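Residue 194 in this note's numbering sits at position 135 of the sequence shown; the count goes up by one each step and never skips.
For glycine and all other residues, C-beta sits at the position ideal for the given N, C-alpha and C.
A quick note: this is a predicted structure, and the numbers were derived from the prediction, not measured.
Working notes for the structure below.
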Amino acid sequence: MRTVRALCLAVACVAAGPSQPAFAQAACAPDPAKLGVSRTVVIDTQAGPRFGFQYKDAGFLADGEVVLTFDDGPSRAYTKPILDALATHCTKATFFMVGRMALSDPQMVKNVAEQGHTVGTHTWSHANLHQIGPAAAEAEIEMGISAVRNALGRPITPFFRFPYLRDTQGTLRHLAGRHVAAFSIDVDSKDYTTTSPSAVIGRVLGGLARSRKGIILMHDIQASTARACRHCSLSSKRAGTRSSTSGPRRTCKP
């Protein structure tokens with residue numbers, strides 16, 4: 060069985076911006092019973108790179124490495140216990156936040172960042188950008204970035220995920236022009252289809268058995284995910300994976 064360890068992603072920003080302290084690493088002594096954080100990979104977002112199955116690129120991941128990601132929040136009822144679970148297991152994650160959700164609870168946005176996790180964006184209202192016009196789609200992206208940035212109170216990491224994973228050539232060009240990386244997924248927990256934490260864990264383990272590495276999609280608006288995350292170390296050890304998180308090395312203003 061492969062060793063479980065975590066990977067951190069950092070941003071290398073070409074755009075000028077003030078320095079930002081390195082994001083917090085897991086403040087834990089090495090413990091094989093905990094997921095932890097293993098290494099930092101620098102992601103240069105200058106060209107608007109794309110990662111995940113639909114872009115056929117997870118080249119920054121070695122075999123057995125995963126990136127934990129959470130969409131659609133923050134939701135205090137579930138984001139907080141997920142943060143607690145991640146802290147218990149000494150690991151980090153990337154949170155792709157919906158703009159209007161972020162503005163509804165700025166303190167939770169700050170809590171996510173203060174605990175060393177990466178704050179990315181997921182549009183203003185979780186609109187399906189494939190089903191609306193180009194101008195409306197770009198407005199959704201921009202309003203989401205502005206809202207999350209305002210909630211956090213400082214420039215955010217230039218990481219974005221499309222709602223429903225539905226992009227368009229126009230929105231991809233827009234992100235590239237803004238030096239924002241697009242993250243798809245490799246493993247879908249489908250936590251929105253069940254109230255059972257064991258089902259969430261089972262789907263993640265099944266996906267990892269097939270992919271052997273990749274970006275895992277979960278949602279911090281689901282009770283099943285909050286409960287499943289309590290067991291993330293056990294699940295990862297069974298899967299033989301090393302967990303990864305993403306966070307900025309210096310400030311980028313997308």
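### As assigned by DSSP and simplified to three states, the class of D164
The answer is coil: DSSP assigns D164 none of H, G, I, E or B.
### Task
Reducing DSSP to helix, strand and coil, say where I274 ends up.
Here I274 sits in strand by DSSP.
### Any 3 or more C-beta pairs closer than 8 Å across the region 144-163 and the region 113-125
As far as the Cβ criterion goes, the region 144-163 does not touch the region 113-125, which means the pair count is below three.
### Query
Taking just the CA atoms, how far does H233 sit from V178?
The straight-line gap separating the alpha-carbon atoms of V178 and H233 is approximately 20 Å.
### Task
Starting from the C-beta of R262, find all residues in its chain whose C-beta is less than 6 Å away, skip the five residues before and the five after it, and write them out in chain order.
S248, K249.
### Message
Taking DSSP's pairing of strands, which residues face M156 in a bridge?
### Response
Paired residue(s): T180.
#### Entry: T138 to A285 span [Cα, whole Å]
Those two C-alpha atoms are separated by around 7 Å.
### Task
Assign E173 to buried or exposed, taking buried as 16 or more other Cβ atoms, counted over all protein chains shown, within 10 Å of its Cβ.
Its Cβ having fewer than 16 others within 10 Å, E173 is exposed.
### Query
In terms of residue numbering, what span does the beta strand (DSSP E) encompassing D130 cover?
124-130 is the span of the beta strand (DSSP E), which, as asked, contains D130.
#### Entry: Nearest-angstrom Cα separation, counted from F112 out to I102
If you draw a straight line from the Cα of I102 to the Cα of F112, it comes to about 17 Å.
### Task
For R6, name the three-state secondary structure that DSSP assigns.
Only positions 60 to 313 of the chain appear in the structure, and residue 6 is not among them; the question remains open.
### Message
DSSP three-state label for P256, please.
### Response
The three-state secondary structure of P256, taken from DSSP, is helix.
### Query
Where does F82 sit, in a helix, a strand or coil, going by DSSP?
Unreliable placement is indicated for F82, whose pLDDT of 46 sits below 50; the coordinate value is still reported in the next sentence. For F82, the three-state secondary structure derived from DSSP is coil.
### Query
beta strand (DSSP E) containing I16: first to last residue?
This structure cannot speak to residue 16, because the chain is shown only from 60 to 313.
### Task
To the nearest angstrom, report how far apart T216 and F242 are at their CA atoms.
F242 has its alpha-carbon roughly 12 Å from the corresponding atom of T216.
### Query
Which two residues bound the contiguous alpha helix (DSSP H) that contains A240?
Here A240 belongs to no alpha helix (DSSP H); instead the beta strand (DSSP E) covers 240-242.
### Query
How big is the Cα-Cα spacing for R237 and E197?
When only Cα atoms are considered, R237 and E197 end up about 11 Å apart.
### Task
Return yes when the Cβ of I244 is within less than 7 Å of the Cβ of S134, no when it is not.
Cβ distance not < 7 Å, so S134 and I244 don't count as in contact.
### Query
Helix, strand or coil: which one does DSSP assign to D90?
Coil, per DSSP.
### Message
Less than 8 Å between C-beta atoms, sequence neighbours within five positions excluded: which residues of the same chain meet that for L142?
### Response
Result list for L142: N170, V171, Q174, H176, in chain order.
### Task
Quick one: grab the DSSP three-state call for G111.
Three-state DSSP puts G111 in a strand.
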